[in-house]
Structures are given as structure tokens and as C-alpha cells.
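Q: In my numbering, each number is its position in the sequence shown, counted from 1, plus 137.
Each residue gets a CB set at the ideal place from its N, CA and C atoms; glycine is no exception.
Bear in mind that the values here come from a model prediction, so they are computed numbers and not experimental data.
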Amino acid sequence: MLFADSDGWIVGVGRGGAGGSSRERAGGMFWEVLGLPVRSLEQVLDRFPPGRVHEVHTPRGEGTFALRIIALPDCPSLSESQPRSGMLAGTSATSGPTALPATEAARAAYVIIATDNRPIVQLREVYTERIGENIQALENSIHLFGAMFDGVQDAMLLLAQDRVVHAANPQAGKLLDPRDKGLVGRLVTTLFQVEDRDAIVEKLARLKDGGRWTSRRTCLRPDGEAFPVELVLWRIDLQGFTLYHMVLRDLTAQTLLEKGLRRKRAEVEGMSLALRNVVRSTEKEKEQVREAMLREVRAAILPALERMAGEESLELRIGLKAMIEERITAFSDTGSATDPNTQADASANLLLQLTPREIEVCRLIRMGAGTQQVAELLNTSFDTIQTHRKNIRRKLGLRGRRISLSSFLQQHNFFE
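This is the structure we're talking about:
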């Protein structure tokens, strides 16, 4: 800070303004001390009008400084009252520059304030760089969010506190507005069935900043078609503004799959129960056959073997041997060598030879299904089921007999 008289002569220097060079600078013309590109006071006042702030380049090109000239009330020039050599007011050989005394400050006509702009310029450059980086980061974030918002496969909506849709990605239009009537501006609750609207309004009101809510709900298309969705809702509080991010995932295909799985599970459980019944029936039949064999052995074969062992006649031993072989052969063919009506027992024994698929075919035939129906239920061809029927008749000893496989299975409880 410099104090100059009405001629521009420096009569004093403020504290901190001129630094260590104030002694040399005091007493000169202020525009020369500051290195202004002018030669007279008139040029200074014309180029740098008082009362304004001017940016001036330093003589050495090291930067700029802010210049402000303040014109004080008119007063006589100091040159008229005393020599200029005595106007170094505020200077001392021992103490250095001090504030201008009140008597001499009253004689000053101008106050010149010069402020070095280099720290401010440096600070401005730093802030400009940081602001530029922040703006670029914000633009990158906006581009990234836009790419994610438009590119995801789920429907996304942006809501404000008024519960109105303010933005929707393309997938939301396909899911909720296939006729492109427009989602923006619609109340979000109108996108859901009536039963779900109160719950959604309550969550929008009670959800906290950063909170998340996930639920299964039912959406409505403009034509009234209802479909299930998984709803995920986030709340984001900005400065004086609340934003809701809603994601809707169509569960139509998943719901159909779940229904199909439940139906298949019920079918498998039914088939498993039928198979357990068949196994129990088979075990029972096996036990009956085993008991029949033991009875046959005790009643016919063991007595024949005992007599054969004690018989001396070779011819008689040969006859007994042939009889034992015949009895064993007859038992293998009919299930019992003594009962002529044991075809069912023989069939039960042969039942053990059936494959799981053949047992399943028997169960369906016994329930009244025809060949074509069995093929459809088991997802196979008509010819394949015909082949299974032929193999089953052969294993159950029905080949060549005038009895249908369905009637035979109805008469026995193998497949209960």
C-alpha cells in the first residue's frame, strides 16, 4: 500500500506493502515504483481510473498484480509546504517502514493498493484443475450410469418423492408398456395390481437412505394383463432431493417352470408309490414261491431221494432219478409240481424278470391306458410300447394264450 500526494509522489508506505525495499521506493513516483507502462500522473489516471481494480502485468513478466487507486479528498501538494526530502514519513533508520503519521496521511491525495496475484493465480489454477477433474469424473459417472441403466436386461425405473416415474430404461418399456404409450409421468402404483399398491406406498414412505426392499408382486400392463415380478427398491437421498431406484424382473417363465416342477414331482411321487407297491407284491410272491418249493421238496423229492439211496435195484434207482428230474422240471415250468392251477404263481415268479420300464408300462395298462396313451405319458413312440407289451407277455407266460394283457393285470394284484 502506497500513499502519494496530488502529484503522484510517494509520501509513505503501509506496513507489509513494500517489504524490505520501502526505504528505496519511498520518495519516487508511484507508477515508476510499480513499473506501470505510463509516464505521467495524467496517463495513470486515464489508463487506470481510480476506484476500480485493474490487472497489471509485472515488468519482468513474472505474473500480474491487482492495482486499485483510491483518490482522497482534495488537498494541497506537499511540494508547496516542505521539501520532498523531508517527506519520508513513517521511515526510520532503526525501525524501518511504519504507518504514515496522521498529519502526513491527511496530506496524501492518493492511496495505491497493489496486490500480488501469483498466489491467487496458482490457487485458481489448482482449483480449475480439480474442478475440471471433478467435472470429467461426473461426466464419466453419468455416461457409465446411462450405459448400465439402458443396457441391463431387467426393467428399471427412477422415481422421485412424488412416486411418479421420471425415467425408464428400454427394458421397462418392453415389459410394462409394449404399445409404447409412455411410462414417464405415470404414478408408479398404477403399474401394480390393487392389492399391492398400499404395500408399495408404505415402503416408499418408510424406506431409509441406502435401504433396500425386495418382494414378489404382480404388475399390470395397459391392457390389464397381470404377470408376476420380483421387485427391488432402493432409496438414495441427495442434497435436498430423494430418488428411488426400482428394478422389476419378470417371473412369468420362472413361475411356469415352478408349476411344471410341482406337477412332475407329484407324478414322480405317484410312480414311486406304485413301484413300492409292486416291490412289496413281488417280495410277497417270492416268499410264496419259496414256500411252495420247500413244500414240494419235502413232499416228493426228499422221500424219492431217501428210497433211491436204499434201493438195490439199478433199474429202480434209474426210475426214481427220472421221476425226481421230472418233478423238478415240472416245478420250474408251473411253479408247483402238485397243483395244476399254479399259472399265477409261475407268472409271479416271472414278474421278477421285468425291467423298471416294463413295470411302469404294466401299471399304466392296468389303469386302463391304451398303447397310444402309454406312449404319450412316457414320452416315447407307439412302436416302442408295442415291443414292451410283447416282451411282458412273453415273460408272464401269456404268449399264445387267449387273454389280453390288460385283463391279466386286472386279475392280479402285482401292480397295486
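So, is Ser409 buried or exposed, given that buried needs 16 or more other C-beta atoms within 10 angstroms?
A: exposed
Q: Would you mind giving the Cβ-Cβ distance between Asp495 and Asn528, rounded to the nearest angstrom? I have them listed as a contact below 8 Å.
A: Sequence inspection shows Glu at residue 495; the Asp mentioned does not correspond to that position. Contact flag correct, Cβ pair sits at about 6 Å.
Q: On the three-state DSSP scale, how would you describe Phe545?
A: In the structure shown, Phe545 sits in a helix (DSSP, three-state: H, G or I).
Q: Please state the DSSP three-state secondary structure of Gly149.
A: It is a strand residue.
Q: Taking just the CA atoms, how far does Phe378 sit from Asn254?
A: 39 Å
Q: Can you tell me whether Ala230 is buried or exposed? The criterion is at least 16 other CB atoms within 10 Å of its CB, across all chains shown.
A: Note that Ala230 scores a pLDDT of 34, beneath 50, so its modelled location is shaky; the value from the coordinates is reported in the next line. Burial call: exposed.
Q: Touch check for the segment 374 to 388 and the segment 288 to 297: three-plus C-beta pairs under 8 Å?
A: Counting Cβ pairs under 8 Å, three or more are found: they touch.
Q: Express the C-alpha separation of Leu375 and Thr399 in angstroms, rounding to a whole number.
A: Just to set this straight, residue 399 is Arg in the shown sequence, not Thr. So the two alpha carbons sit approximately 46 Å from each other.
Q: Answer with buried or exposed for Gln308, where buried requires no fewer than 16 other C-beta atoms within 10 angstroms of its C-beta.
A: buried
Q: Taking 8 Å as the cut-off, decide whether the C-beta atoms of Gly172 and Thr195 are in contact.
A: yes
Q: Report the three-state DSSP secondary structure of Glu449 (helix, strand or coil).
A: coil
Q: Going along the chain, which residues of its own chain have a beta-carbon closer than 8 Å to the beta-carbon of His525, five neighbours each way excluded?
A: Arg494, Glu495, Val498
Q: The beta strand (DSSP E) that contains Glu362, what's its start and end?
A: Run containing Glu362: none; DSSP gives neither H nor E here.
Q: Using the three-state DSSP reduction, which class does Ile540 fall into: helix, strand or coil?
A: coil
Q: Between Leu370 and Trp350, which are expected to be in contact by the criterion C-beta below 8 Å, what is the C-beta distance as a whole number of angstroms?
A: 5 Å
Q: Return the Cβ separation of Val248 and Phe140 in integer angstroms, given the expectation that the two are a contact with Cβ distance under 8 Å.
A: 6 Å
Q: Is the number of C-beta pairs between the segment 355 to 364 and the segment 308 to 325 that are closer than 8 Å three or more?
A: Yes, the segment 355 to 364 touches the segment 308 to 325.
Q: How big is the Cα-Cα spacing for Glu367 and Glu404?
A: 29 Å
Q: Near Thr326, what residues of its chain come up, given a Cβ to Cβ distance below 7 Å and the 5 sequence neighbours on each side ignored?
A: Arg300, Arg334, Ile337, Val338
Q: Can you give the Cα-Cα distance for Ala203 and Ala274, rounded to whole angstroms?
A: Their Cα atoms are separated by approximately 34 Å.
Q: Using the Cα positions of Arg93 and Lys423, report the straight-line distance between them to the nearest angstrom.
A: Residue coverage of the chain in this structure runs from 138 to 553, which leaves residue 93 outside it and unanswerable.
Q: Give a yes or no on whether the C-beta atoms belonging to Arg372 and Asp346 are separated by under 8 Å.
A: yes
Q: Report buried or exposed for Asn306, applying the criterion of at least 16 other Cβ atoms within 10 angstroms of its Cβ.
A: buried
Q: Where does the unbroken beta strand (DSSP E) through Glu192 begin, and where does it stop?
A: Counting along the chain, the unbroken beta strand (DSSP E) around Glu192 starts and ends at 190 to 194.
Q: In whole angstroms, give me the CA-to-CA distance for Ala390 and Gly397.
A: 11 Å
Q: Among the residues of its own chain, which have a CB less than 6 Å from the CB of Ile250, if the five just before and after it don't count?
A: Met138, Arg205
Q: Assuming contact is defined by CB atoms lying nearer than 8 Å, are Trp168 and Gly145 in contact in what I supplied?
A: yes
Q: For Gly149, count neighbouring C-beta atoms within 10 Å of its own C-beta (all shown protein chains included) and say buried if the count is 16 or more, exposed if not.
A: buried
Q: Starting from Ala304, follow its DSSP beta bridges and name the residues at the other end.
A: Leu295
Q: Do Met445 and Arg435 count as a contact pair if the criterion is CB distance below 8 Å?
A: Not in contact: Arg435 and Met445 (Cβ atoms no closer than 8 Å).
Q: Which value, in whole angstroms, describes the spacing of the CA atoms of Gly319 and Ala304?
A: 10 Å
Q: Which residues bound the alpha helix (DSSP H) around Leu129?
A: The requested residue 129 does not occur in the structure, where the chain is confined to residues 138 to 553.
Q: Please classify Asp253: does DSSP put it in a helix, a strand, or coil?
A: strand
Q: For Ile395 and Arg538, what's the separation of their Cα atoms in angstroms?
A: Inspection of the sequence shows that residue 395 is occupied by Glu rather than by Ile. For Glu395 and Arg538, the gap between their C-alpha atoms comes out near 47 Å.
Q: In the DSSP assignment, find the unbroken beta strand (DSSP E) run with Thr351 in it and report its ends.
A: 349 to 357
Q: Around the Cβ of Glu433, are there at least 16 other Cβ atoms within 10 angstroms (buried) or fewer (exposed)?
A: buried
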